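Structure first, commentary second.
Residue numbers (the working numbering): 108 to 380.
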């Protein structure tokens, strides 16, 4: 063997023996990773066939709603009513289309009346479990993300307002230049100086109700004021996903000892993209 060739082979063998072998990089994935599934846990609040109110509270706080679909077309909302003085557990799931606000699903997982009716029914847990499973089947047909970021009280006046005065805002995101006000029924939304929403939402208002009979009206001073219940709209808070153009507003109502307020609920507003 010629000296030059021998030297080249020796150099190559030495390199192979002392240098680490580098593995090729892994192949790039061909599909996007799956989004986390939004699922409601099966009920964990039954004890000996009855409902444990404290356990229900823990369960309902862990429900991962509201959530917005990844395409920004749907919002899944979970809610419970106060059920007046009785305070029975209850829970409802709604699916709402962002464009137009149409409710495409309303599923009652637990009704307040059922808590009394099935207090000694050991089979009722299975009924509620089946309802949860059916809602999860619907949720599994979509890809979900969180419900945006909470909106702040931009003026810092909410805690200082007089009792019985509706809170109209502004709420929003100061750093993002996002602002919401609600002077019933007019909703105004601005982002970086641009008007996104400026329209009335009369369906959010509760009609005035006469709580006196004709005979009572004759004996009550200022009957027109005393006998008519008004429940003005007040902003309880909100969340926004600016990337998907979805605004969620917690709509509440004011009331009195005579004029009880309706339950708060979540309104879905399309902002455009």
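Built from N, CA and C at the ideal position, the CB exists for glycine as well.
All values reported here derive from a predicted model rather than from experimental measurement.
First through last residue of the alpha helix (DSSP H) which encompasses residue i
i, result
"residue 164", "160 to 168"
"residue 288", "Unbroken run through residue 288 is the beta strand (DSSP E), 285 to 290; no alpha helix (DSSP H)."
is_contact[residue i, chain C] using C-beta, thresh 8 Å
i, result
"residue 327", "In the structure shown, chain C cannot be found, because there is only a single protein chain."
Among the options, the one whose alpha carbon lies nearest that of residue i
i, options, result
"residue 271", "362, 299, 165, 369", "362"
"residue 301", "312, 319, 336, 379", "379"
"residue 308", "183, 356, 218", "356"
"residue 340", "213, 248, 314", "314"
"residue 303", "319, 310, 312, 284", "284"
"residue 365", "347, 318, 327, 348", "318"
"residue 316", "336, 305, 298, 327", "336"
"residue 273", "280, 279, 265", "265"
"residue 218", "277, 208, 238", "238"
"residue 367", "191, 182, 158", "191"
Where the beta strand (DSSP E) through residue i begins and ends
i, result
"residue 376", "372 to 377"
"residue 279", "278 to 280"
Own chain partners of residue i with C-beta closer than 6 Å, once the 5 adjacent residues on each side are dropped
i, result
"residue 166", "151, 152"
"residue 376", "354"
"residue 257", "346"
"residue 199", "186, 215"
Proximal residues to residue i (C-beta, below 7 Å), its chain only, five neighbours per side dropped
i, result
"residue 179", "205, 351, 352, 353"
"residue 369", "313, 338, 360"
"residue 275", "288, 289, 290, 342"
"residue 170", "147, 185"
"residue 333", "327"
"residue 201", "184, 210, 212, 213"
Contact test: residue i Cβ vs the ligand PLP heavy atom, cutoff 7 Å
i, result
"residue 145", "The ligand PLP is not among the ligands present in this structure, which contains no ligands whatsoever."
Proximal residues to residue i (C-beta, below 8 Å), its chain only, five neighbours per side dropped
i, result
"residue 311", "291, 292, 340, 358, 374"
"residue 189", "370"
Where residue i falls, given that 16 or more other Cβ within 10 Å makes a residue buried
i, result
"residue 174", "buried"
"residue 135", "With a pLDDT of 43 at residue 135, under the threshold of 50, the modelled position of this residue cannot be trusted; read the value that follows with caution. With fewer than 16 other Cβ atoms within 10 Å, it is exposed."
Enumerate, from N- to C-terminal direction, the unbroken beta strand (DSSP E) stretches of 3 or more residues contained entirely within the stretch 294 to 362.
With a minimum length of 3 residues, the continuous beta strand (DSSP E) runs that stay inside the stretch 294 to 362 are 301 to 307, 340 to 348, 353 to 360.
Within the stretch 171 to 234, ranges of the alpha helix (DSSP H) (whole runs, at least 4 residues):
Assignment of alpha helix (DSSP H) within the stretch 171 to 234, counting only whole runs of 4 or more residues, yields 219 to 224 in chain order.
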